[in-house]
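Trainee: Protein chains in written order, with my numbering: chain A, 142 to 362; chain B, 142 to 362.
The structure under discussion is supplied below as structure tokens; questions concerning it will follow.
Protein chains: 2
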Amino acid sequence: MRLIGIGVGPGDPELLTLKAVRLIQESQVVAHLGGGLARRIAAPHLPPGMPELAIPVPIGSDAGHAYDEGARLIRAEIEAGRQVAVLCEGDPLLYGSFMYLLARLDDLPVEVVPGVSSVMAATAAERFPFAAGNDSVMLVPATLSEAELERRIRFATAIAVLKVGRHLGKVRAVLARAGLLDHAVHVAWASLPEQTVLPLAEVDEAPYFSLVLAHRRGRAA
Amino acid sequence: MRLIGIGVGPGDPELLTLKAVRLIQESQVVAHLGGGLARRIAAPHLPPGMPELAIPVPIGSDAGHAYDEGARLIRAEIEAGRQVAVLCEGDPLLYGSFMYLLARLDDLPVEVVPGVSSVMAATAAERFPFAAGNDSVMLVPATLSEAELERRIRFATAIAVLKVGRHLGKVRAVLARAGLLDHAVHVAWASLPEQTVLPLAEVDEAPYFSLVLAHRRGRAA
Chain A
142 MRLIGIGVGP
152 GDPELLTLKA
162 VRLIQESQVV
172 AHLGGGLARR
182 IAAPHLPPGM
192 PELAIPVPIG
202 SDAGHAYDEG
212 ARLIRAEIEA
222 GRQVAVLCEG
232 DPLLYGSFMY
242 LLARLDDLPV
252 EVVPGVSSVM
262 AATAAERFPF
272 AAGNDSVMLV
282 PATLSEAELE
292 RRIRFATAIA
302 VLKVGRHLGK
312 VRAVLARAGL
322 LDHAVHVAWA
332 SLPEQTVLPL
342 AEVDEAPYFS
352 LVLAHRRGRA
362 A
Chain B
142 MRLIGIGVGP
152 GDPELLTLKA
162 VRLIQESQVV
172 AHLGGGLARR
182 IAAPHLPPGM
192 PELAIPVPIG
202 SDAGHAYDEG
212 ARLIRAEIEA
222 GRQVAVLCEG
232 DPLLYGSFMY
242 LLARLDDLPV
252 EVVPGVSSVM
262 AATAAERFPF
272 AAGNDSVMLV
282 PATLSEAELE
292 RRIRFATAIA
302 VLKVGRHLGK
312 VRAVLARAGL
322 LDHAVHVAWA
332 SLPEQTVLPL
342 AEVDEAPYFS
352 LVLAHRRGRA
362 A
């Protein structure tokens with residue numbers, strides 16, 4: 142059988158696609174990596190009693206070993222004739238850890254079901270006209286250095302800085318120097334009940350699953 | 142009542158979210174702009190007999206007038222107590238024309254339902270590990286000049302060039318000069334039955350709804 146990487150969207154269980162729900166329910170095993178947010182998002186759609194494979198992923202240098210071991214378990218299920226659905230927050234191939242499994246299993250039949258990214262959920266939460274016409278969009282992780290962040294945002298019209306967390310101060314400093322602080326918004330837990338949307342200048346703390354949106358021009362005309 | 146901008150995803154009617162389907166079916170009117178691709182995508186989910194508002198959008202200088210007129214018609218429906226769902230290809234706020242309506246109607250109650258973007262559908266079609274770890278992602282429309290395209294892709298790890306169409310030759314030239322042609326892939330009609338995924342170097346013609354994916358490194362490790 143095959144491996145399916147399924148984007149379960151940014152948080153709201155209603156933001157799964159019809160295809161994601163169908164393929165989860167047609168699978169014989171669901172797998173999930175790391176902390177379990179993807180499982181929490183998909184939980185209302187899991188058939189009772191469906192076998193689950195929880196693959197813990199430690200932060201840091203042991204991650205490679207965890208992916209090796211997870212890939213080994215998944216391969217065994219597929220070779221035994223079962224379809225394995227890997228649940229992925231947002232989209233599987235946009236900053237998702239699914240691709241580390243894919244790199245280890247791409248000799249098997251694989252399908253990827255795209256999902257709604259947290260970037261889209263954040264712009265929807267703000268009702269922010271993110272990109273139009275000739276705009277360019279830069280998605281960049283807050284984990285980069287100040288110099289790298291500055292270089293990458295320089296020529297973009299619209300900017301989303303992902304994985305803000307403890308990098309909040311750095312992100313704010315970079316956007317302030319670029320003259321973008323007045324238009325920057327912080328969105329945490331987009332599409333979940335605990336969602337917040339605030340001007341970046343007013344935010345003191347940021348969870349890992351939060352992002353900053355900034356824009357070089359006013360709203361679309 | 143209110144205006145809802147609904148992302149209907151990249152093409153496959155199964156890539157609507159559960160929320161998109163529910164809110165379409167709870168609305169009293171569906172509206173769609175331009176050529177009708179969004180309507181075609183959502184067609185299997187429209188209740189029979191649902192009133193529709195087709196808003197033609199001419200290419201070029203008359204577009205502003207068309208949005209004015211479309212916004213006027215939608216406002217009348219909402220002020221008469223009806224909920225209007227505007228169907229949008231992909232995501233409403235990522236290169237969608239919904240934002241031109243939003244700019245004219247944002248004094249009314251508005252909700253935006255995020256959708257799966259064609260970028261996500263294209264990376265899923267290629268099973269391409271698009272962005273991981275510290276990667277940065279640049280989304281850029283092929284309509285920009287060669288010089289602008291070059292400047293914008295310079296510091297991105299992963300690149301998606303949208304709206305390729307008649308700009309195919311220019312996009313290929315820019316990526317070749319950047320040393321990215323060997324890793325560039327052209328995806329047309331992502332997620333639809335007519336989908337194609339080909340090395341960019343082998344493509345001679347591109348529809349408007351196609352994009353090019355390029356990457357500065359190999360696959361995720």
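Heads up, the beta-carbon is just placed ideally off N, CA and C, and yes, glycines get one too.
Can you tell me the Cα-Cα spacing of B/Arg268 and A/Tyr208, whole angstroms?
Mentor: Their backbone Cα atoms lie some 18 Å apart in a straight line.
Trainee: If you draw a straight line from the C-alpha of A/Arg245 to the C-alpha of A/Ala212, how long is it?
Mentor: 6 Å
Trainee: Which of the residues in the region 282–295 of chain B, read from start to end, lie with their CB under 7 Å from any CB of chain A?
Mentor: Pro282, Thr284, Leu285, Arg292, Arg293
Trainee: What do you reckon, are the CB atoms on A/His356 and A/His308 nearer than 8 Å?
Mentor: Going by C-beta atoms, A/His356 is not nearer than 8 Å to A/His308.
Trainee: Write down the C-beta distance between B/Val312 and B/Gly146 rounded to the nearest angstrom, noting that I regard them as a contact closer than 8 Å.
Mentor: The pair is not a contact, with the Cβ atoms about 29 Å apart (cut-off 8 Å).
Trainee: Look at the alpha carbon of B/Arg358 and the alpha carbon of A/Leu242, and state the distance between them as a whole number of angstroms.
Mentor: Approximately 18 Å between the Cα atoms of the pair.
Trainee: Per the contact definition of three or more C-beta pairs closer than 8 Å, is the region 227–238 of chain A in contact with the region 167–179 of chain A?
Mentor: The region 167–179 of chain A makes contact with the region 227–238 of chain A: 3 or more CB pairs, one atom from each, lie closer than 8 Å.
Trainee: Would you call the region 317–332 of chain A in contact with the region 212–224 of chain B, where contact means no fewer than 3 C-beta pairs closer than 8 Å?
Mentor: no
Trainee: Check the Cβ of B/Glu155 against every Cβ in chain A and list those closer than 8 Å, keeping chain order.
Mentor: At a C-beta separation below 8 Å, B/Glu155 has these neighbours in chain A: Thr158, Leu159, Lys160, Arg163.
Trainee: Can you list, in chain order, the residues of its chain whose CB lies under 6 Å from that of A/Pro282, leaving out five sequence neighbours each side?
Mentor: Leu303, Lys304
Trainee: According to the neighbour-count rule (16 or more other Cβ atoms, all chains shown, within 10 Å of its Cβ), is A/Ala362 buried or exposed?
Mentor: The predicted position of A/Ala362 is uncertain, since its pLDDT is 40 and thus under 50; a value taken from the coordinates is nonetheless stated next. Per the 10 Å Cβ criterion, exposed.
Trainee: Would you check if the region 252–266 of chain A and the region 231–239 of chain A touch, i.e. whether three or more CB-CB distances between them fall below 8 Å?
Mentor: yes
Trainee: So, do the region 271–286 of chain B and the region 180–198 of chain B have three or more beta carbon pairs nearer to each other than 8 Å?
Mentor: no
Trainee: Determine the DSSP secondary structure at B/Thr158, reduced to helix, strand or coil.
Mentor: strand
Trainee: Under 8 Å between the Cβ atoms of B/Ile165 and B/Leu144?
Mentor: no
Trainee: So if DSSP puts A/Leu144 in a beta bridge, which residue, or which two residues, is it bridged to?
Mentor: A/Val225, A/Val251
Trainee: Can you find a CB in chain B that lies within less than 8 Å of the CB of A/Val321?
Mentor: According to the sequence as given, residue 321 of chain A is Leu; it is not Val. With 8 Å as the cut-off, A/Leu321 does not count as an interface residue toward chain B.
Trainee: If I measure Cβ to Cβ from A/Pro154 and keep anything under 6 Å in the same chain, skipping five residues before and after, which residues do I get?
Mentor: Sequence-distant partners of A/Pro154 (beyond 5 residues in either direction) whose C-beta falls short of 6 Å from its own C-beta, in its chain, are Ile182, Pro185.
Trainee: Using the DSSP secondary-structure output, state which residues sit across from B/Pro282 in a beta bridge.
Mentor: B/Leu303
Trainee: Using a Cβ-Cβ cut-off of 6 Å (strictly less than) and excluding sequence neighbours within five positions of B/Glu193, which residues of its own chain qualify?
Mentor: Val171
Trainee: DSSP on A/Ile200, reduced to helix/strand/coil?
Mentor: coil
Trainee: Residues of chain A with a CB under 7 Å from the CB of B/Ser277: which are they?
Mentor: Met279, Leu280, Val281, Arg293
Trainee: In the DSSP assignment, find the unbroken beta strand (DSSP E) run with A/Leu337 in it and report its ends.
Mentor: Before going further, note that residue 337 of chain A is Thr rather than Leu in the sequence given. Taken as a continuous stretch (DSSP letters only), the beta strand (DSSP E) holding A/Thr337 covers 337–340.
Trainee: What is the rounded straight-line gap between the Cα of A/Leu354 and the Cα of B/Gly148?
Mentor: 19 Å
Trainee: Can you check whether the CB of A/Ala314 is closer than 8 Å to the CB of A/Glu287?
Mentor: yes
Trainee: Would you verify that the beta carbon of B/Val253 is, or is not, closer than 8 Å to some beta carbon of chain A?
Mentor: yes
Trainee: Please report whether the beta-carbon of A/Arg360 lies at a distance below 8 Å from any beta-carbon of chain B.
Mentor: Low confidence applies here, because A/Arg360 scores a pLDDT of 46, under 50, leaving its location unreliable and the question unanswered by this model.
Trainee: Could you check what DSSP says for A/Gly231 in three-state terms: helix, strand or coil?
Mentor: strand
Trainee: Could you please give the first and the last residue of the uninterrupted beta strand (DSSP E) stretch that includes B/Ser238?
Mentor: Where B/Ser238 is concerned, there is no enclosing beta strand (DSSP E), given that its DSSP letter is neither H nor E.
Trainee: Please report the straight-line C-alpha distance between B/Arg293 and A/Phe296, rounded to a whole angstrom.
Mentor: 6 Å
Trainee: Measure the Cβ-Cβ separation of B/Leu280 and B/Val260 and say whether it is below 8 Å.
Mentor: yes
Trainee: Between A/Ser238 and A/Val198, which are expected to be in contact by the criterion C-beta below 8 Å, what is the C-beta distance as a whole number of angstroms?
Mentor: Rounded to the nearest angstrom, the Cβ distance from A/Ser238 to A/Val198 is 6 Å, consistent with a contact under 8 Å.
Trainee: Below 6 Å CB to CB, which residues in the same chain sit around A/Glu291 once its five sequence neighbours on both sides are set aside?
Mentor: Val315
Trainee: Buried or exposed: B/Ala347, going by 16 or more other Cβ atoms within 10 Å of its Cβ?
Mentor: buried
Trainee: At a cut-off of 7 Å, is A/Ala283 close to the ligand COA when judged by its beta-carbon and the heavy atoms of the ligand?
Mentor: With respect to small molecules bound, the structure shown includes none, and the ligand COA cannot be examined in it.
Trainee: Going straight from the alpha carbon of A/Met240 to that of B/Leu322, what length do you get?
Mentor: 23 Å
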